[in-house]
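Heads up: the protein sequence lines correspond to chains F and X, in order.
Just so you know, we're using this note's numbering here: the first sequence kicks off at 1 and counts up by one.
Just so you know, we're using this note's numbering here: the second sequence kicks off at 1 and counts up by one.
2 protein chains.
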Amino acid sequence: MTKIIVDAMGGDNAPSATVAGCVEALKDDKNLYLILTGRQNEIEAELKKYTYDKTRLEIVDCPDVIDMNDIPTEAIKRKQSSLIAAYWMLKKEDDICALVTAGSTGATIVGGQLILGRIRGVKRPALCPAIPNSRGSFTLLCDCGANAECKPVMLCQFALLASAYAEVGFGIKNPKVGLLSNGTEEHKGDPLHQQTYKYLTEMQGINFTGNIEGRDIMTSQCDVAVADGFSGNVALKSMEGCGKLVLGVMKKEFSATLSSKIGYLFMRKAIKRMRFQLDFNRYGGALLLGLKKVVVKSHGSSKPQTIAASIANAAAIHRNGLVPAVEKKLESVDFNSLIQEEE
Amino acid sequence: MTKIIVDAMGGDNAPSATVAGCVEALKDDKNLYLILTGRQNEIEAELKKYTYDKTRLEIVDCPDVIDMNDIPTEAIKRKQSSLIAAYWMLKKEDDICALVTAGSTGATIVGGQLILGRIRGVKRPALCPAIPNSRGSFTLLCDCGANAECKPVMLCQFALLASAYAEVGFGIKNPKVGLLSNGTEEHKGDPLHQQTYKYLTEMQGINFTGNIEGRDIMTSQCDVAVADGFSGNVALKSMEGCGKLVLGVMKKEFSATLSSKIGYLFMRKAIKRMRFQLDFNRYGGALLLGLKKVVVKSHGSSKPQTIAASIANAAAIHRNGLVPAVEKKLESVDFNSLIQEEE
C-alpha cells in the first residue's frame with residue numbers, strides 16, 4: 001500500500017476540489033492509501049458526496065489553514081495548519097511516502113527545507129513542472145520559482161535532480177539537458193549562466209546539450225530545461241499566459257459566427273485532443289525536488305482531476321524510486337572539486 | 001517625404017523577403033522614400049519581379065553581409081556591409097529618419113550604440129517588441145534581449161523609453177507600467193528587481209502599477225512590461241514557443257479526421273481572425289529604443305509583410321516624434337538623485 005498525505009485545505013478550491021481529487025485517485029489506484037489533513041467537519045461534508053473505499057482514507061483534523069498571503073517563514077511555525085501538520089507527519093512516519101498540496105508555494109518550499117529536510121548534498125530544493133512539448137512528450141523545467149537567486153552550483157544540481165526525475169518519472173534514458181539562456185551560443189547569458197554552462201559541460205551524470213532559448217522548452221529535443229528560479233518562473237508563467245490567451249481567443253472566435261459554430265460541432269473531438277495534448281496539468285503539479293521524500297506542489301487553482309493527477313504522479317515516482325535515484329546521481333558528482341570558486 | 005534606410009541583406013530570407021517588403025511598404029505609403037543597402041545586382045534581380053514607384057527607391061551597393069555568426073563588435077568595423085553602411089548613412093544624413101533591419105541582433109545593438117549613438121542620458125538601448133494581449137491590444141516588453149546584465153537604473157530607463165513608445169506609437173495616455181518578476185508581491189524577485197521596484201515607485205514620468213508575472217504580459221491591464229534583458233528574452237521566446245506549438249497542434253488536429261476537416265471549412269475565417277489577433281509580427285519587429293533615431297529590428301525569419309510592417313511602424317513613430325518624446329521624458333527624471341547607490 002502506498003501511503004500519501006494530502007493537504008486538503010490547500011488551493012483556491014479547497015477542500016471541495018482536493019477531496020474530489022482524492023476520491024478520484026483512490027478509485028484509479030487500489031494500492032493507494034490517503035491521509036487528508038484539514039478541518040475534519042469540512043472534509044467530511046465533502047466526502048459525503050461520494051462513495052469511496054473508506055478503509056483507504058483517513059482524516060487528521062487540523063483547524064488552521066495557511067493562505068497565500070501568509071509569510072512562509074512565519075507560517076511554518078503553525079503546527080495546527082493542514083500543510084505543516086502534513087509535513088511533520090511526512091517527516092516522522094516512515095510509511096508515509098509523499099505529500100501533495102495545492103497550498104502556498106512559499107510555505108511548501110520553506111516547510112520542505114526546514115521540516116522534511118533535503119537529501120544529503122543538495123544545496124536547495126527546486127520546483128520542477130512537466131511542460132507539454134511538440135514531441136507529444138514533456139520537458140521538465142527546473143527550477144521554476146523556488147530560488148529567485150541562484151549560484152552555478154545550484155543550477156548544476158537542478159540539472160541532476162531533473163535528470164533523475166526524467167529517468168524515474170518518464171522512463172527517459174540519458175535525458176538531454178539544456179540550459180535556459182537568452183540565446184543558444186555558448187557565450188550567451190549573464191555571468192551566472194556563462195559559468196554554469198562551463199560547469200555543466202564538465203559535469204558527470206548528466207547529458208548536457210548546450211544552451212536553449214525560451215521557445216525550445218516546448219519545441220526542442222530537450223528533456224530537461226535547467227533555469228534559475230527567476231527566469232524559470234518567468235518562462236513557465238509566460239507560456240501559461242500565452243496558452244491561456246490562445247485558448248481564450250479560440251473560444252471567442254469559434255463561437256463568433258454561425259459558420260464557426262457549425263464548424264465547432266465537427267471539430268469538438270479535435271479540440272478535445274488538442275486541449276489534452278497542451279494540458280500543463282496532465283501530470284498534476286510541479287515536483288519539489290531535492291527533499292527526503294516526494295513532494296508535489298499542485299497549482300493553486302487545481303481542479304479535482306489536477307489533484308488526482310498530482311497524487312497519481314507522486315505515487316508513481318515514489319514507487320519508481322525517485323529519492324534513491326537522486327542520491328545515486330549526487331554521489332557520482334564531486335561538486336567541491338567541480339566548483340572551486342564558490343563559497 | 002519620410003526617408004527610411006533598409007538593410008536589404010539582413011535576415012534568413014534576404015534579399016527576396018526584404019525587397020518584397022519594401023515594395024509593399026512603398027505601395028501602402030505614398031510619402032515614403034526607401035534606401036536599400038546591399039548587393040546591388042541581387043537587389044535589382046528581386047526588384048525586377050515587381051512594379052513600384054522607382055522615384056522613391058534607391059540602392060546603395062554594399063558587397064559585404066554580416067551574418068548571425070559574426071561577432072558583433074568585430075562586425076561593426078565592416079563598413080562595406082549592408083547593415084553598417086546603413087548605420088553610417090543614418091548617422092550622417094539628417095533627412096534619413098529610421099533604419100529597418102532583419103539582420104544580426106547583436107550587430108544591430110552594437111552599431112546603434114557605437115555608430116548612431118544614444119540619446120543624451122540613456123545608459124543602454126533596449127529592444128522592445130509589441131506583444132499581442134487579451135485586450136486585443138499590445139503590451140510593450142522592454143528589454144527583451146539587448147542587455148543580459150542589468151542594473152536598476154537601466155530598468156528604470158527601460159520603463160521610461162517604453163512608456164514614450166506606448167504614448168507615441170499606440171496613442172496610450174499615461175501607460176500602465178509593470179515590472180516583470182517571479183510574483184506580484186512587492187518583496188518578490190532578486191535584489192536587482194527588489195531595488196528596481198523601489199525606484200519605480202518613487203520615479204516621476206511613468207505610471208508604475210507594481211510587479212507582474214510572465215502570464216500578465218499577455219493577459220493583464222499593463223501597457224508596458226519592464227524586464228531585464230535576460231528574463232525579458234526568456235519571456236518573449238517562451239511565449240513565441242508556446243504560440244508556435246499551439247498553432248502546430250491545431251493544424252495537425254484540424255486535419256486529422258474527416259469530421260475535423262469539414263469543421264475547418266466552416267472555421268477558416270475564425271481561424272484567420274484568430275491568427276491575426278495573435279500575430280507577434282503585426283507591428284513588424286522590435287524597436288531598439290534609446291537611440292538618436294528610430295531603429296527597428298525585424299525578426300530574422302521576417303516575411304515580406306513583416307518587413308513592410310516594420311517599415312510602416314518606423315515611419316509612423318518617427319512622424320509622431322518618438323525621439324523628442326523620449327528626450328522630454330528623460331528630462332523629467334533626475335536619475336542621479338533617484339539612484340544614489342550606483343556607480
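Glycine is no exception: its CB is placed at the ideal position from the N, C-alpha and C atoms.
Bear in mind the structure is a predicted one, so any value in this text is a computation, not a measurement.
(request) Could you check if residue 343 of chain X is buried or exposed, using at least 16 other CB atoms within 10 Å of its CB as the buried criterion? (result) The residue labelled residue 343 of chain X in the question sits at position 343 within the second sequence. The predicted model places residue 343 of chain X with a pLDDT of 47, which falls under 50 and marks its position as unreliable; any figure quoted below should be read in that light. Exposed: under 16 other Cβ atoms inside 10 Å.
(request) Kindly indicate if chain X contains any beta-carbon less than 8 Å away from that of residue 97 of chain F. (result) As a first step, residue 97 of chain F is located in the first sequence; it is residue number 97 there, counting from the start. At least 8 Å separates the CB of residue 97 of chain F from every CB of chain X.
(message) Run through chain X and tell me which residues come within less than 7 Å of residue 231 of chain F, C-beta to C-beta.
(response) Taking the first sequence and counting its residues from 1, the one referred to as residue 231 of chain F is at position 231. 230, 231 and 234, listed in chain order.
(request) Consider the Cβ of residue 257 of chain F: report whether some Cβ of chain X lies at a distance smaller than 8 Å. (result) As a working note, residue 257 of chain F is residue 257 in the first sequence. Judged by the 8 Å Cβ criterion, residue 257 of chain F is in contact with chain X.
(request) For residue 31 of chain F, count neighbouring Cβ atoms within 10 angstroms of its own Cβ and tell me buried if that reaches 16, exposed if not. (result) The residue given as residue 31 of chain F occupies position 31 in the first sequence. Burial call: exposed.
(request) Answer yes if the stretch 251-263 of chain F comes into contact with the stretch 256-269 of chain X, meaning at least three C-beta pairs across the two stretches below 8 Å, and no otherwise. (result) Result yes; three or more Cβ-Cβ pairs closer than 8 Å.
(request) With DSSP collapsed to three states, give me the class of residue 149 of chain F. (result) Your numbering for residue 149 of chain F matches position 149 in the first sequence. Three-state DSSP puts residue 149 of chain F in coil, outside helix and strand.
(request) Name, please, each residue of chain X whose Cβ falls closer than 7 Å to the Cβ of residue 190 of chain F. (result) Translated into the one-based positions of the first sequence, residue 190 of chain F becomes position 190. Contact annotation for residue 190 of chain F against chain X: 148, 149 and 230 [CB-CB distance below 7 Å, chain order].
(message) Taking beta-carbon pairs under 8 Å, can you tell me which members of the stretch 269-288 of chain F lie near chain X?
(response) Per Cβ criterion, the list reads 269, 270, 271, 273, 274, 277 and 278.
(request) Please work out which residues of its chain come closer than 8 Å, Cβ to Cβ, to residue 89 of chain X, disregarding the five sequence neighbours upstream and downstream, and give them in chain order. (result) On the second sequence, position 89 is the one that residue 89 of chain X refers to. Cβ neighbours of residue 89 of chain X beyond the five flanking positions: 5, 35, 37, 60 and 96.
(request) Please report the residue range of the beta strand (DSSP E) in which residue 283 of chain X lies. (result) For the purposes of this step, residue 283 of chain X is taken as the residue at position 283 of the second sequence. Where residue 283 of chain X is concerned, there is no enclosing beta strand (DSSP E), because DSSP gives it neither an H nor an E.
(request) Within the stretch 65-128 of chain X, note down every full beta strand (DSSP E) run reaching 3 residues or more, in order along the chain. (result) Within the stretch 65-128 of chain X, the complete beta strand (DSSP E) runs of at least 3 residues are 96-101 and 126-128.
(message) Which residues of the stretch 149-170 of chain F have a Cβ closer than 9 Å to any Cβ of chain X? Give them in chain order.
(response) Answer in chain order: 149 and 150.
(request) Go through the stretch 9-45 of chain F residue by residue and report every complete run of the alpha helix (DSSP H) that reaches 4 residues or more, in order. (result) Taking 4 residues as the shortest admissible run, the stretch 9-45 of chain F contains the following complete alpha helix (DSSP H) segments, listed from N- to C-terminal end: 16-28.
(message) Below 8 Å on C-beta distance, what does residue 180 of chain F contact in chain X?
(response) Counted from its first residue, the first sequence places residue 180 of chain F at position 180. Against chain X, the beta carbon of residue 180 of chain F has neighbours under 8 Å at 234, listed in chain order.
(message) Run through chain X and tell me which residues come within less than 7 Å of residue 246 of chain F, C-beta to C-beta.
(response) Walking along the first sequence from the start, residue 246 of chain F turns up at place 246. Here the neighbours are 243, 246 and 278.
(message) So if DSSP puts residue 208 of chain X in a beta bridge, which residue, or which two residues, is it bridged to?
(response) Numbered from 1 along the second sequence, position 208 holds the residue referred to as residue 208 of chain X. Paired residues: X/177.
(message) Using the Cβ count rule (16 or more neighbours within 10 Å means buried), how would you classify residue 178 of chain F?
(response) Start at 1 with the first residue of the first sequence, and residue 178 of chain F comes out as number 178. Residue 178 of chain F is buried by the Cβ-count criterion.
(message) I'd like to check one pair, residue 111 of chain F with residue 84 of chain F: are the Cβ atoms closer than 8 Å?
(response) On the first sequence, residue 84 of chain F is found 84 positions in, with the first residue counted as 1. On the first sequence, residue 111 of chain F is found 111 positions in, with the first residue counted as 1. Taking 8 Å as the Cβ cut-off, residue 84 of chain F and residue 111 of chain F qualify as a contacting pair.
(message) Buried or exposed, going by whether 16 or more other CB atoms sit within 10 Å of the CB of residue 124 of chain F?
(response) Position 124 of the first sequence, counted from the start, is the residue given in the question as residue 124 of chain F. So residue 124 of chain F ends up on the buried side.
(request) Kindly indicate if chain X contains any beta-carbon less than 8 Å away from that of residue 10 of chain F. (result) Counted from its first residue, the first sequence places residue 10 of chain F at position 10. Residue 10 of chain F does not count as touching chain X.
(request) Could you please give the first and the last residue of the uninterrupted beta strand (DSSP E) stretch that includes residue 3 of chain X? (result) Counting from 1 along the second sequence, the entry for residue 3 of chain X is found at position 3. Looking at the DSSP string, the run of the beta strand (DSSP E) that includes residue 3 of chain X is 2-7.
(message) So with CB distances below 8 Å, who are the chain F contacts of residue 214 of chain X?
(response) Residue mapping note: residue 214 of chain X aligns to position 214 of the second sequence, counting from 1. Neighbourhood of residue 214 of chain X in chain F, by CB distance below 8 Å: 233, 234, 235, 236, 237, 238, 239, 240 and 241, in chain order.
(request) Give a yes or no on whether the C-beta atoms belonging to residue 144 of chain X and residue 236 of chain X are separated by under 8 Å. (result) Along the second sequence, one-based indexing puts residue 144 of chain X at 144. Along the second sequence, one-based indexing puts residue 236 of chain X at 236. Closer than 8 Å, so yes.
(request) Select from the stretch 218-229 of chain X all residues with a C-beta closer than 9 Å to any C-beta belonging to chain B, and list them in chain order. (result) Protein chains F and X are contained in the structure displayed, whereas chain B is not.
(request) Flag this pair as yes or no: are the beta carbons of residue 101 of chain F and residue 222 of chain F separated by less than 8 Å? (result) Stepping through the first sequence from its first residue, residue 101 of chain F is reached at position 101. Stepping through the first sequence from its first residue, residue 222 of chain F is reached at position 222. Not in contact: residue 101 of chain F and residue 222 of chain F (Cβ atoms no closer than 8 Å).
(request) Give the DSSP-derived three-state secondary structure of residue 253 of chain F in the structure shown. (result) Residue numbering aside, residue 253 of chain F sits at position 253 when the first sequence is read from its first letter. DSSP places residue 253 of chain F in helix when its eight states are reduced to three.
(request) Can you grab the Cα-Cα spacing for the pair residue 197 of chain F / residue 313 of chain F, in whole Å? (result) Locating residue 197 of chain F in the first sequence gives position 197, counting from the first residue. Locating residue 313 of chain F in the first sequence gives position 313, counting from the first residue. Spanning the two alpha carbons is a distance of roughly 31 Å.
(request) Counting only the same chain and skipping the five closest in sequence on each side, list residues whose C-beta sits under 6 Å from that of residue 12 of chain F. (result) If you number the first sequence from 1, residue 12 of chain F lands on position 12. Cβ within range, chain order: 300 and 301.
(request) Can you grab the Cα-Cα spacing for the pair residue 126 of chain F / residue 147 of chain F, in whole Å? (result) In the first sequence, the residue the question calls residue 126 of chain F occupies position 126. In the first sequence, the residue the question calls residue 147 of chain F occupies position 147. So the two alpha carbons sit approximately 7 Å from each other.
(request) Over the uninterrupted alpha helix (DSSP H) stretch that includes residue 262 of chain X, give me the two end residues. (result) Along the second sequence, read from residue 1 onward, the residue named residue 262 of chain X stands at position 262. For residue 262 of chain X, the enclosing alpha helix (DSSP H) has its first and last residue at 258-277.
(request) Indicate the three-state DSSP secondary structure (helix, strand or coil) for residue 333 of chain F in the structure shown. (result) Start at 1 with the first residue of the first sequence, and residue 333 of chain F comes out as number 333. Three-state DSSP puts residue 333 of chain F in coil, outside helix and strand.
(message) Which same chain residues end up closer than 6 Å to residue 108 of chain F when comparing Cβ atoms and leaving out the 5 residues on each side of it in sequence?
(response) Against the first sequence, residue 108 of chain F aligns to sequence position 108. Apart from sequence neighbours up to five positions away, the residues of its chain that approach residue 108 of chain F with a beta-carbon distance below 6 Å are 101 and 297, ordered along the chain.
(request) Compare the C-alpha of residue 304 of chain X against each of X/46, X/247 and X/233 and name the closest. (result) Stepping through the second sequence from its first residue, residue 304 of chain X is reached at position 304. Comparing alpha-carbon positions, the option among X/46, X/247 and X/233 lying closest to residue 304 of chain X turns out to be X/46.
(message) Short of 6 Å in beta carbon distance, which residues of its chain neighbour residue 328 of chain F, apart from the five on each side in sequence? Order them along the chain.
(response) What you label residue 328 of chain F is simply residue 328 of the first sequence in a count that begins at 1. Cβ within range, chain order: n/a, list empty.
(request) Taking only beta-carbon positions, decide if residue 298 of chain X is within less than 8 Å of chain F. (result) Counting from one through the second sequence, the residue named residue 298 of chain X turns up at place 298. No, no contact with chain F.
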